[in-house]
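Just below is one structure, and these are the notes that go with it.
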Amino acid sequence: MEDLNSISLNSQNEKNIGSDQLDQRNLDWYIDKAVSMIVFIAGISAIIFIVGIFLFIAKEGLSFIIKDMDFTEFFTSPYWEPSDEDAPEYGILALILGTASVTGLAMLIAIPFSLGTAIYISEFATGRTKEFLKILVELLAAIPSVVWGFIGLTIMNPIIIKLFNVPVGLNILNAGVILGLMAAPIMTSIAEDTLKAVPDHYREAAEALGATKWQMIYKVVLPAAKNGLLGAVLLGVGRGFGETMAVLMATGHSINIPTSIFDSVRALTATIAAELGETAQGSEHYGALFTIGIFLFLITFIINLSADLIIRGVRKK
Numbered sequence: 124m125e126d127l128n129s130i131s132l133n134s135q136n137e138k139n140i141g142s143d144q145l146d147q148r149n150l151d152w153y154i155d156k157a158v159s160m161i162v163f164i165a166g167i168s169a170i171i172f173i174v175g176i177f178l179f180i181a182k183e184g185l186s187f188i189i190k191d192m193d194f195t196e197f198f199t200s201p202y203w204e205p206s207d208e209d210a211p212e213y214g215i216l217a218l219i220l221g222t223a224s225v226t227g228l229a230m231l232i233a234i235p236f237s238l239g240t241a242i243y244i245s246e247f248a249t250g251r252t253k254e255f256l257k258i259l260v261e262l263l264a265a266i267p268s269v270v271w272g273f274i275g276l277t278i279m280n281p282i283i284i285k286l287f288n289v290p291v292g293l294n295i296l297n298a299g300v301i302l303g304l305m306a307a308p309i310m311t312s313i314a315e316d317t318l319k320a321v322p323d324h325y326r327e328a329a330e331a332l333g334a335t336k337w338q339m340i341y342k343v344v345l346p347a348a349k350n351g352l353l354g355a356v357l358l359g360v361g362r363g364f365g366e367t368m369a370v371l372m373a374t375g376h377s378i379n380i381p382t383s384i385f386d387s388v389r390a391l392t393a394t395i396a397a398e399l400g401e402t403a404q405g406s407e408h409y410g411a412l413f414t415i416g417i418f419l420f421l422i423t424f425i426i427n428l429s430a431d432l433i434i435r436g437v438r439k440k
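Next up, the structure:
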């Protein structure tokens with residue numbers, strides 16, 4: 124009789140244990156589903172935000188594009204005079220050239236510095252030196268753009284006036300140097316990751332054939348990483364093209380078609396930042412500024428998408 128009771132009790136305990144395990148598995152399944160859903164929402168939220176921003180910009184600028192915009196004047200006229208009550212003009216050619224000149228000079232400055240730093244960190248630096256330089260690059264990338272703008276306004280401005288004997292130091296040169304220093308950290312970080320991704324047996328094979336360190340870098344490592352390095356440059360261009368505060372403070376904010384690096388210019392982003400707060404909502408001027416925003420959004424989107432596709436292609440290889 125006792126044996127039967129013990130058998131029955133053991134059977135009941137096994138059922139309870141089995142039921143507890145089943146409940147635990149169900150709980151784990153619900154937790155996994157919840158975490159997966161949270162991660163999915165967090166991942167897709169960036170796309171939702173980008174689409175939402177573009178729809179908002181397009182909505183505000185669409186009326187100007189349909190009713191008031193003269194495409195020929197808008198993209199080929201250098202005259203931006205929206206405050207003229209008799210005959211307002213909305214030409215952004217000077218703004219496009221100002222943005223392009225500042226960004227181009229910034230890339231001429233940033234590319235050698237960023238690639239040189241990436242090569243040193245990836246191929247020459249070791250131990251604490253390597254870690255210190257990587258941290259320093261990340262810290263430079265974290266400096267707010269308004270701080271860079273103050274540097275251009277208060278430090279670079281008098282230096283340029285004194286060195287080059289020009290009346291104003293707020294010009295393409297000033298903004299190009301500041302923007303180059305701003306874009307260099309992100310370019311350095313991506314370029315260093317790209318160089319690090321080159322397989323070690325490429326380097327070992329080059330050294331086995333008698334190549335020096337520089338020959339191995341120039342003829343083996345850089346060609347193998349060229350697509351990723353191009354992606355890093357494109358991301359730097361996107362950063363420069365979309366920068367606002369530093370460019371607003373360092374260019375002089377004057378509408379000119381540039382003929383020299385000492386000319387003051389106005390950028391597309393700076394125009395939006397300076398004029399949007401003083402513009403009547405729903406006016407032609409308001410719509411023109413949002414149309415500039417659409418143009419900037421499309422340009423930066425194409426640049427960043429191209430860079431992302433290039434980098435993805437490198438990772439697949």
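Each residue of the sequence shown is one higher than the one before, starting from 124 at the first, in the working numbering.
We put the beta carbon where it would ideally sit given N, CA and C, even for glycine.
Residue i versus residue j: straight-line alpha-carbon distance, rounded
i	j	result
I161	N149	18 Å
S237	A328	27 Å
A348	W152	43 Å
E137	F255	Model confidence at E137 stands at a pLDDT of 49, short of 50, so the residue's coordinates are unreliable and nothing is read from them.
L293	G375	5 Å
T392	T199	18 Å
V333	K253	Note on residue identity: the sequence assigns Gly, not Val, to residue 333. Each residue's alpha carbon lies about 26 Å from the other.
F172	I417	15 Å
S406	T382	33 Å
F197	I422	16 Å
D323	T317	13 Å
A217	L419	15 Å
N494	I433	Only positions 124 to 440 of the chain appear in the structure, and residue 494 is not among them; the question remains open.
A241	G361	19 Å
A355	P308	10 Å
D155	A223	49 Å
I167	I425	20 Å
E330	S245	17 Å
N280	L399	26 Å
M192	V174	24 Å
P235	I189	44 Å
N379	S387	7 Å
I258	F194	47 Å
L371	A390	7 Å
K319	G221	36 Å
A157	D431	30 Å
A213	A411	According to the sequence displayed, residue 213 carries Tyr and not Ala. Near 7 Å, if we compare the C-alpha coordinates of A411 and Y213.
L352	F247	18 Å
Residue i - containing alpha helix (DSSP H), residue span
i	result
R389	That residue, R389, is in no alpha helix (DSSP H); it is neither H nor E in DSSP.
A248	Careful: A248 lies outside any alpha helix (DSSP H) and carries neither H nor E.
L357	349–365
F287	280–287
N297	295–319
K190	Premise fails: K190 is in no alpha helix (DSSP H) and is neither H nor E.
F273	268–274
K336	336–339
Beta-carbon separation (whole angstroms), residue i vs residue j, contact threshold 8 Å
i	j	result
I301	A369	5 Å
T226	G363	4 Å
T414	F187	5 Å
L231	M310	About 13 Å; that fails the 8 Å criterion.
M305	E261	Contact flag wrong, Cβ pair sits at about 14 Å.
F287	F385	7 Å
A298	A373	4 Å
Reduced DSSP category for residue i - H, G, I as helix; E, B as strand; rest coil
i	result
Y325	helix
E212	strand
G375	strand
L196	This sequence places Glu at residue 196; Leu is not what is there. It is helical.
N128	Residue confidence is low: N128 scores 49 on pLDDT, short of 50, so the model does not pin down where it sits. Its coordinate-derived value is still stated next. Correct three-state label for N128: helix.
*asked:* Contact between the segment 266–281 and the segment 199–218 is defined here as three or more beta-carbon pairs at a separation below 8 Å; is this criterion met?
replied: These segments do not touch.
*Take every Cβ of the segment 208–221, pair it with every Cβ of the segment 338–347, and state whether three or more of those distances are shorter than 8 Å.*
Contact fails between the segment 208–221 and the segment 338–347, because fewer than three Cβ pairs, one in each stretch, are under 8 Å apart.
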